[in-house]
Each structure stands twice: as C-alpha cells, then as structure tokens.
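Residue numbers (our numbering): 187 to 523.
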Amino acid sequence: MKKFSTLLCAVLISASFIYAQHSLPPLNYAYTALQPYIDAQTMEIHYSKHHQAYVNNLNKALEGSRAAALPIDELLIAAERRGADIRNNGGGHYNHTLFWEILSPTPKKAPTGALSTAINETFTSLDSLKKAMNAGAAARFGSGWVWLYVNPAKKLAVCTSPNQDNPIMDASGEHRGIPVLGIDVWEHAYYLQYQNRRNDYLQYVWEVIDWAAVEKKYEAALKSPLLKLIEKDTWTELKQFHTVMAQTFHPMEDGNLTPIKTRSAEMVAKAKAVKTGNTPASFRTPEINKAIDELVMGSEALHKLVTSKAKDNKIVDSLTKLHDTFHVIQGLCSDDH
Ligand code: MN
C-alpha cells in the first residue's frame, strides 16, 4: 500500500508538472479563414512558428522555477522583475492567445450592451476609439501592440506597448490593467500581404475583429481578481515595505537576527511611508487604514525593543506579529470586496 501511494504521488507530481507547462492554444478557424484581410501564409507562420516559439521559450525559461505553476496572467504582473526571457516569451504567449481569440471569420461588427456604453462614455464613439488605436499603433516605433484595456478603476483606456509587453506587466508604468482587445503591429503580423503599409493593415484588421469576443473579455476583466492584484502591484510603498520585511523576517526564521537588528529603523520609515504614501483608490478602506496604523505602531514597538537591546525572543515575537499585520493588509487587498 505504501509502495502504491508513493507511486501514485510520483505520478501526480509528474502529471501536475506536465499541466504546469504552457501550450499553444487551439486556433478555432482555418489559416485561410481571415482572407482577404489576413492572408493564410501569415496566419500559418504567425501561429505555428512565432507563437509556438514563444511557448517553447517560455517553458524553457520557467524550467525548475516555482513560477511555472502560475497562470500566465499572474506570472506577467511581475514580468519585468522576472527578467527578459519571461517578459518577452510570456508576453508573446499571452498576447497572441488573446489575438487569436478576438479574430473571427464571422465577427460581430460592433459592440453592444455594457461595452458599447463604456466605449461611448470614454471615447464618445466606436469610430473615435478605432481612430485612437490606429493612431497609437501607427506611431509605435518598431515592434509592439496597441491595446484597449480595463484599468483598476474599471474604466477603459488605450495604450501601446513595445515588443511583447502588455498592460498587465509591471513594465507598463501608468498603463496597467487587463487587455480586452489587442492588435499586433509587429511586421510579422502583416508584412507578407501589406509589406510596409502598416496603416492599410490597421484599416483592414478591424474587418475580422469579433466584438462578441471583446465583450466577453470586457465582462470577465471587470470581475477578475487579477485587477486587484495589478492595483496592489502599483502600490509602491507597500512593495518597499514588503522588501524590508522579506529581507529581515526570512533570516529571522533561520535564526539570524542581524538583519532586523540593523534595519529596524528602516522598517519604521517604510511603515510610515505606507501610511503617508499614495494608497491606490480601492484600498482606501477603514479596515486597511486600521491595519496600516497597526503596521506603524508595530514597527515602532519592534524598533524600541531592538534599540533597548531586549531579549532575542521578544524581538522574534514582535517581528512575527508585524509580519502577521503586513499579511492582513495583503489579504485585504486581494479579497474581492
Ligand atoms: Mn505576432
């Protein structure tokens, strides 16, 4: 029995490893299906060569990493911090998956319902939205994408990105959110048919963009917990506190109190910065404010213990309590209130 459960464990572990691999999603139409707007050869090379290469290189970059278990969108929140291989290939995989999904040989030609209302509210009309996206895409130097995305305030916005970046990524600065429509403006997306005429491609690609698919992405984005994760990632002061906490708490767990004894004043300063800093809009709640006050008081108490040369076990207790308080804030930010 023991042998059997060991074997079962081994099978499950290797199975979960296989499932953690990213893979090329199915294309729901033939390579020829988007003609005359996108030619078959472009579709075939774009999907079976370019996209496949992003998937392969992403899996290679993730090999042996705990990040391999993350869904692709969560992985990309920290794309810049994870390095160029994951940023470029993870972005390439996510972006192309979205692109294939919003293209269709039988597209819904215009949005209706909530998405249509939101587009009119932000851009006055569908036509002005298309113009804004085409102007951005035409002006994007070199390779990149143009995006319609939902920001953490749940509003629509447009931006462009270089290479395979997208608004989910930390690399995207103030343009953070969940993409609902993206147009690939790499030359590999249009050069065989349109050569250097990017504007012609940008004019005709709208003929195969399926607004039914974009509507679905919009509804999903508004409800997605990912939006809160992205918003939390824009909270610089909390991230900086987290860094000091991680660099003092984990050594303490291994019995090394030197980091906290030398950095307790810095911890107080970072906690105060969280309190006075720029808290993202949806985290300005009474519960989070209260926990931030506790974070400041807790770090001051810890600093007092360190400077008065209190016994190690008191410092350990105090840092452990402060770590708990920090995780209360993290938890409140992640819950979908
Ligand atoms: Mn592409």
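Just so you know, even glycine gets a beta-carbon here, dropped at the ideal spot from N, CA and C.
Suppose you measure from the CA of residue i to the CA of residue j; what does that come to, to the nearest Å?
i    : j    : result
D370 : G330 : 7 Å
L284 : L413 : 17 Å
L248 : Q238 : 15 Å
P222 : Y380 : 11 Å
A382 : T228 : The amino acid occupying residue 382 in the given sequence is Asn; Ala does not appear at that position. Rounded to the nearest angstrom, the two C-alpha atoms are 14 Å apart.
K447 : F427 : 16 Å
A339 : S209 : 32 Å
T462 : K425 : 14 Å
T346 : F327 : 10 Å
L491 : I501 : 6 Å
N337 : V391 : 24 Å
E473 : K507 : 17 Å
T422 : T218 : 47 Å
Q433 : E266 : 20 Å
N499 : K402 : 54 Å
D510 : A406 : 32 Å
S202 : H374 : Low confidence applies here, because S202 scores a pLDDT of 46, under 50, leaving its location unreliable and the question unanswered by this model.
Q350 : I258 : 14 Å
T298 : W372 : 30 Å
N320 : V394 : 15 Å
D479 : R470 : 13 Å
Any idea what DSSP makes of residue i, helix, strand or coil?
i    : result
I354 : coil
G269 : coil
A343 : strand
S333 : The sequence given here places Trp at residue 333; Ser does not occur at that position. DSSP places W333 in strand when its eight states are reduced to three.
D503 : helix
L424 : helix
L289 : strand
T517 : Sequence inspection shows Gly at residue 517; the Thr mentioned does not correspond to that position. Note: G517 maps to helix in three-state DSSP.
L488 : helix
G441 : coil
S311 : coil
G595 : The structure shown has nothing for residue 595, since the chain only spans 187 to 523.
L194 : The pLDDT assigned to L194 is 49, lower than 50, so where the model puts this residue is not dependable; a value taken from the coordinates is nonetheless given after this. Three-state result, L194: helix.
P297 : coil
T434 : helix
K497 : coil
N382 : coil
M453 : helix
P211 : coil
R472 : It should be pointed out that residue 472 corresponds to Pro in this sequence rather than to Arg. The answer is helix: DSSP assigns P472 an H, G or I state.
T448 : helix
N242 : helix
N306 : helix
Just checking residue i against the ligand MN - is the residue's beta carbon closer than 7 Å to any of the ligand's heavy atoms?
i    : result
W372 : yes
H236 : yes
A239 : no
H282 : yes
H489 : no
H361 : no
H513 : no
W375 : In the sequence as presented, Trp is not what sits at residue 375; that position holds Ala. Under cutoff, so the answer is yes.
H232 : yes
Sort out for me which residues DSSP pairs residue i with in a bridge.
i    : result
P222 : Answer is none; P222 lacks a bridge partner.
P348 : G330
P365 : Y335
I231 : Paired residue(s): none; I231 is not in a bridge.
D370 : W331
I395 : L289
Cβ of residue i less than 8 Å from any chain C Cβ?
i    : result
L315 : In the displayed structure, chain C is absent; only one protein chain is listed.
Rounded to whole angstroms, how far is the Cβ of residue i from the Cβ of residue j, which I believe are closer than 8 Å?
i    : j    : result
L488 : S468 : Actually they do not touch by this definition, with Cβ atoms about 29 Å apart.
L388 : A324 : 6 Å
T308 : L342 : 5 Å
Y233 : N275 : With a Cβ gap of about 16 Å, Y233 and N275 do not count as contacting.
I400 : V366 : According to the sequence shown, residue 400 is Val rather than Ile. Confirmed, about 6 Å.
G363 : I416 : 6 Å
W397 : K295 : 7 Å
V514 : S485 : That pair is no contact at about 14 Å.
R268 : A253 : 7 Å
L301 : Y404 : 5 Å
N281 : N352 : 6 Å
S290 : Y215 : 7 Å
Nearer than 7 Å: is that true of the beta carbon of residue i relative to any heavy atom of the ligand GTP?
i    : result
E405 : Of the ligands this structure carries, namely the ligand MN, none is the ligand GTP.
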